[in-house]
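Okay, so here's the structure we're looking at.
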Amino acid sequence: RAAQGRTYGNLGNTYYLLGNFRDAVASHEQRLLIAKEFGDRSAERRAYCNLGNACIFLGEFERAAEHYRRALQIARQLKDLAVEAQACYSLGNTYTLMQDFERAIDYHLKHLIIAQDLNDRIGEGRACWSLGNAHTALGNHDQAMHFAEKHLEISKETGDRS
Amino acid sequence: RIHTIQVDSVQRWMEDLRQMTEVE
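Residue numbers (the numbering used here), protein chains in the order written: chain A, 7 to 168; chain B, 1463 to 1486.
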């Protein structure tokens, strides 16, 4: 049964990389089921994350957000800060796709704070970029400028010319 | 959707996401 769980996970990932998102979802749902049977929280978190990603490419953003929220919940329980940051970043981007910019800002700020805690300058730069865009969408031009300047500063530091 | 896809930071995220899997 444990091997079946891992195999469903691998199958889901392969379908995903082939662009077959429907079968990817079906496989990761099986993987999730088996992870729950075993009480394997890490595998459960991975399945939610993979499910969220596949839903993005199916254009099912609300469903993607649900999966990412579960992944975030587990990441917090497991006290895995890097994974928590990743889930917040995914949620920020998903809410941007849904044009819910206030919620997007909430999650991108959470991502920013963790990136700063972890001294992850690349993550911090991405958070600032995202926050600048979300504030621009809301017409908060002063805030957008603040984050654009921070993004520029960090990009120079990390040598990101693009 | 076409409108929001033009948010460059999201577009970049999706490009990265397309190659990203949580490996067993």
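Even for Gly, the Cβ is constructed at its ideal location relative to N, Cα and C. Every value quoted in this text rests on a predicted model; they were computed, and no experiment measured them.
Please check the pair residue i and residue j, which I expect to be a contact at CB under 8 Å, by giving their CB distance rounded to whole angstroms.
{"i": "Ala77(A)", "j": "Arg51(A)", "result": "5 Å"}
{"i": "Gly129(A)", "j": "His117(A)", "result": "7 Å"}
{"i": "Cys94(A)", "j": "Tyr113(A)", "result": "5 Å"}
{"i": "Arg75(A)", "j": "Leu97(A)", "result": "7 Å"}
{"i": "Asn59(A)", "j": "Val1472(B)", "result": "Between Val1472(B) and Asn59(A) the Cβ distance is about 14 Å, and since that is not below 8 Å, they are no contact."}
{"i": "Gly11(A)", "j": "Ala41(A)", "result": "6 Å"}
{"i": "Ala154(A)", "j": "Gly165(A)", "result": "So it is not a contact: roughly 18 Å between Cβ atoms."}
{"i": "Glu1486(B)", "j": "Gly15(A)", "result": "4 Å"}
{"i": "Leu84(A)", "j": "Ser48(A)", "result": "7 Å"}
{"i": "Ile62(A)", "j": "Ala53(A)", "result": "The pair is not a contact, with the Cβ atoms about 15 Å apart (cut-off 8 Å)."}
Which term fits residue i, buried or exposed, when burial requires 16 or more other beta carbons within 10 angstroms of its beta carbon?
{"i": "Leu57(A)", "result": "buried"}
{"i": "Ser65(A)", "result": "Going by the sequence as given, residue 65(A) is Gly instead of Ser. That one is exposed."}
{"i": "Glu1484(B)", "result": "buried"}
{"i": "Thr102(A)", "result": "buried"}
{"i": "Gln92(A)", "result": "buried"}
{"i": "His141(A)", "result": "buried"}
{"i": "His147(A)", "result": "exposed"}
{"i": "Ser168(A)", "result": "exposed"}
{"i": "Arg1463(B)", "result": "Low confidence applies here, because Arg1463(B) scores a pLDDT of 42, under 50, leaving its location unreliable; read the following figure in that light. That one is exposed."}
{"i": "Glu108(A)", "result": "exposed"}
{"i": "Glu90(A)", "result": "buried"}
{"i": "Ala88(A)", "result": "exposed"}
{"i": "Ala9(A)", "result": "exposed"}
Could you check what DSSP says for residue i in three-state terms: helix, strand or coil?
{"i": "Thr13(A)", "result": "helix"}
{"i": "Thr1483(B)", "result": "coil"}
{"i": "Arg167(A)", "result": "coil"}
{"i": "Met104(A)", "result": "coil"}
{"i": "Asp1478(B)", "result": "helix"}
{"i": "Asn146(A)", "result": "coil"}
{"i": "Val31(A)", "result": "helix"}
{"i": "Leu38(A)", "result": "helix"}
{"i": "Val1472(B)", "result": "helix"}
{"i": "Asp123(A)", "result": "helix"}
{"i": "Glu72(A)", "result": "helix"}
{"i": "Glu159(A)", "result": "helix"}
{"i": "Asn26(A)", "result": "coil"}
{"i": "Glu43(A)", "result": "helix"}
{"i": "Gln130(A)", "result": "Inspection of the sequence shows that residue 130(A) is occupied by Glu rather than by Gln. Helix at Glu130(A)."}
Identify the continuous alpha helix (DSSP H) that holds residue i and give its terminal residues.
{"i": "Arg7(A)", "result": "Element bounds for Arg7(A): n/a, residue is neither H nor E."}
{"i": "Lys85(A)", "result": "It is not in any alpha helix (DSSP H) - Lys85(A) carries neither H nor E in the DSSP assignment."}
{"i": "Gly58(A)", "result": "Arg47 to Phe63"}
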